[in-house]
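Enquirer:
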Amino acid sequence: MNRRNALRRTALLAGSAMATPTLLSLLQSCKEQKRVDWVPQFLSQDQAVFVSSFVDTILPKTETPGALDVKVDIFIDLMYAKAYDEGAQQYVVAEIEKFNTNCKNDFGDVFANLTPEDKTAVLKKAEAETAKFNPGVWGTAVGEQKPVAYYRQLKSMALWAYFSSEEVGKNILSYDPIPGEYLGCIPLSDVGNTWSL
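What follows is the structure, given as structure tokens:
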């Protein structure tokens, strides 16, 4: 082997050794997995990303804090971990998988990776196709309740967690820690907002 060929091979080897990590990072960055910045208690990372994306789509940040700002996704994960029995937990996992499978069939990807417009379309479709909660009188449902889809259960839990959060209760809704007299019939324009207490 002559000196010229040895230098070429050495340069080629050094160049490919330096270029390999760069090429690998480029390939990985094309399809980077979304992750949540908290440690789920019950959900897997993919399921936690789904729940975070779902609640952020329903309650995005505007002039008011969004669902992720008041940690609705963490609350839901904690509810699944601490308050649901094993059968209910298995149901949650199966329904998240089913929801993502439907998104893949309709839009080609899981819910968390869809565009905001596609996410809205998925939620509108689920809203139109699923059974609603029956109205209730003093805690008793009126009429026969059809089985409620996971979409509605998750949406209901997200709204409950959001409006029950301290941030929303004190800073968004009207809040009076020591309520005064009860005035039952006054115009809403006089009080200005819904009360959290």
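Quick note on numbering: the sequence shown equals residues -19 to -1, 1 to 178 in mature numbering (1 follows the signal peptide of the UniProt record, and there is no 0).
Just so you know, even glycine gets a beta-carbon here, dropped at the ideal spot from N, CA and C.
Enumerate in chain order the residues of its own chain whose CB-to-CB distance from Phe56 is below 7 Å, with the five nearest sequence positions on each side excluded.
Expert: If you number the sequence shown from 1, residue 56 lands on position 75. Excluding residues within five positions, the ones whose Cβ falls inside 7 Å are Ala142.
Enquirer: Which runs of the beta strand (DSSP E) spanning at least 3 residues fall entirely within the region 133 to 178, listed in chain order?
Expert: As far as the region 133 to 178 is concerned, it has no whole beta strand (DSSP E) run of at least 3 residues.
Enquirer: Does the pairing of the region 67 to 80 with the region 128 to 144 give three or more beta-carbon distances under 8 Å?
Expert: yes
Enquirer: Just the C-alpha distance for Ala93 and Trp119, rounded to the nearest angstrom, thanks.
Expert: Locating residue 93 in the sequence shown gives position 112, where the first residue counts as 1. Locating residue 119 in the sequence shown gives position 138, where the first residue counts as 1. About 38 Å.
Enquirer: Could you have a look at Thr121 and say whether DSSP puts it in helix, strand or coil?
Expert: Your numbering for residue 121 matches position 140 in the sequence shown. Three-state result, Thr121: strand.
Enquirer: If you run the structure through DSSP and keep just helix, strand and coil, what is Lys52?
Expert: Counted from its first residue, the sequence shown places residue 52 at position 71. Coil.
Enquirer: Quick check: the region -19 to -9 against the region 15 to 24, are there 3 or more CB pairs under 8 Å?
Expert: no
Enquirer: Which full runs of the alpha helix (DSSP H) of 4+ residues lie inside the region 50 to 92, going along the chain?
Expert: 53 to 64, 67 to 88
Enquirer: For Glu44, which three-state DSSP category applies?
Expert: By 1-based counting over the sequence shown, the position of residue 44 is 63. Correct three-state label for Glu44: coil.
Enquirer: Could you check what DSSP says for Thr96 in three-state terms: helix, strand or coil?
Expert: For the purposes of this step, residue 96 is taken as the residue at position 115 of the sequence shown. It is coil, neither helix nor strand.
Enquirer: Roughly how many whole angstroms lie between the Cα atoms of Tyr61 and Met138?
Expert: The residue given as residue 61 occupies position 80 in the sequence shown. The residue given as residue 138 occupies position 157 in the sequence shown. Taking the straight line from one Cα to the other gives about 11 Å.
Enquirer: Distance, Cα to Cα, Lys85 vs Ala122?
Expert: As a working note, residue 85 is residue 104 in the sequence shown. As a working note, residue 122 is residue 141 in the sequence shown. If you take the alpha carbons of Lys85 and Ala122, they lie about 35 Å apart.
Enquirer: What does the alpha-carbon distance come out to for the pair Ile159 and Asp171?
Expert: One-based indexing of the sequence shown puts residue 159 at position 178. One-based indexing of the sequence shown puts residue 171 at position 190. Their backbone Cα atoms lie some 19 Å apart in a straight line.
Enquirer: What whole-angstrom Cβ distance do Asn81 and Val91 have, given they're in contact under 8 Å?
Expert: Residue mapping note: residue 81 aligns to position 100 of the sequence shown, counting from 1. Residue mapping note: residue 91 aligns to position 110 of the sequence shown, counting from 1. Confirmed, Cβ separation roughly 4 Å.
Enquirer: Just mark Ala48 as buried or exposed, buried being the case when its beta carbon has 16 or more other beta carbons within 10 Å.
Expert: Your numbering for residue 48 matches position 67 in the sequence shown. By the neighbour-count definition (other C-beta atoms within 10 Å, threshold 16), Ala48 is a buried residue.
Enquirer: Take Asn174 and list the residues in its own chain whose beta-carbon comes closer than 7 Å to its own, dropping the five residues that flank it on each side.
Expert: As a working mapping, residue 174 is identified with position 193 in the sequence shown. Excluding positions up to five away in sequence, the list reads Leu154, Ser155.
Enquirer: If the criterion is Cβ atoms closer than 7 Å, does the pair Glu147 and Pro46 meet it?
Expert: Numbered from its first residue, the sequence shown carries residue 147 at position 166. Numbered from its first residue, the sequence shown carries residue 46 at position 65. No.
Enquirer: Give the DSSP-derived three-state secondary structure of Gln126 in the structure shown.
Expert: Position 145 of the sequence shown, counting from 1, holds the residue named residue 126. Here Gln126 sits in coil by DSSP.
Enquirer: Looking at the unbroken alpha helix (DSSP H) that takes in Phe23, where does it start and where does it end?
Expert: Reading the sequence shown from its first residue, position 42 is the one you call residue 23. Element bounds for Phe23: n/a, residue is neither H nor E.
Enquirer: Using a C-beta cutoff of 7 Å, does Lys63 count as contacting chain C?
Expert: Included in the structure is just one protein chain, with no chain C present.
Enquirer: Apply the 10 Å Cβ neighbour rule to Thr101 and answer buried if 16 or more other Cβ atoms are within range, or exposed otherwise.
Expert: What you label residue 101 is simply residue 120 of the sequence shown in a count that begins at 1. Burial call: exposed.
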